[in-house]
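Q:
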Amino acid sequence: MYSYCSAAYLFSFNPLIFYFQNAVKSCKQVSKNISEMSKELEAIGQVTNVGELPGKLQEVEEAKVEVENQLLERVSKFGCSDHLM
Numbered sequence: 045m046y047s048y049c050s051a052a053y054l055f056s057f058n059p060l061i062f063y064f065q066n067a068v069k070s071c072k073q074v075s076k077n078i079s080e081m082s083k084e085l086e087a088i089g090q091v092t093n094v095g096e097l098p099g100k101l102q103e104v105e106e107a108k109v110e111v112e113n114q115l116l117e118r119v120s121k122f123g124c125s126d127h128l129m
C-alpha cells in the first residue's frame with residue numbers, strides 16, 4: 045500500500061500534481077533571477093537613467109508572487125504541499 049503522499053499514490057491520484065510542484069519549485073529560481081536583475085538595474089542606474097525599468101521590475105515581482113500563490117493554492121488542494129521543498 046502507498047503512503048498518503050508517496051509519488052506512486054499521487055501519480056495514480058492525479059499526475060498534474062508533479063507539474064504544479066515543479067512550477068512552485070521553479071519560482072525559487074525566478075526569485076533569484078529577479079533579485080539579480082534588481083542588483084544589475086541598480087548598478088546601471090549609477091551610470092545612466094533607467095527610466096521606467098524599476099517600476100516594470102516591481103510589476104514582474106508582483107506577478108511572480110501572484111502566480112506562486114495560485115500554484116501553492118492548487119498544490120495544497122492535493123494535500124501534499126509539505127513535499128514541495
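Under my numbering, think of the first position of the sequence shown as 45, with each following residue one higher. C-beta atoms are modelled at their ideal positions from N, C-alpha and C, and glycine is treated no differently.
#1: So, for M129: in the same chain, excluding its five sequence neighbours on each side, which residues have a beta-carbon less than 6 Å away from its beta-carbon?
#2: With distance defined between alpha-carbon atoms, name the residue in Q102, V91 and F122 nearest to S82.
#3: On the CB-based measure, 16 or more other CB atoms within 10 Å of its CB, does L115 come out buried or exposed?
#4: How about the region 85-93 and the region 60-68: do they share at least three Cβ pairs that are nearer than 8 Å?
#5: Is the Cβ-Cβ distance between C71 and V119 less than 9 Å?
A: So, to answer that:
#1: Against the sequence shown, residue 129 aligns to sequence position 85. Any reading at M129 is ruled out, since the residue's pLDDT is 43, under 50, leaving its predicted position unreliable.
#2: Along the sequence shown, one-based indexing puts residue 82 at 38. When each option's Cα is compared against that of S82, the closest is Q102.
#3: Residue numbering aside, residue 115 sits at position 71 when the sequence shown is read from its first letter. Buried: at least 16 other Cβ atoms inside 10 Å.
#4: no
#5: Here residue 71 refers to the residue found at position 27 of the sequence shown. Here residue 119 refers to the residue found at position 75 of the sequence shown. No.
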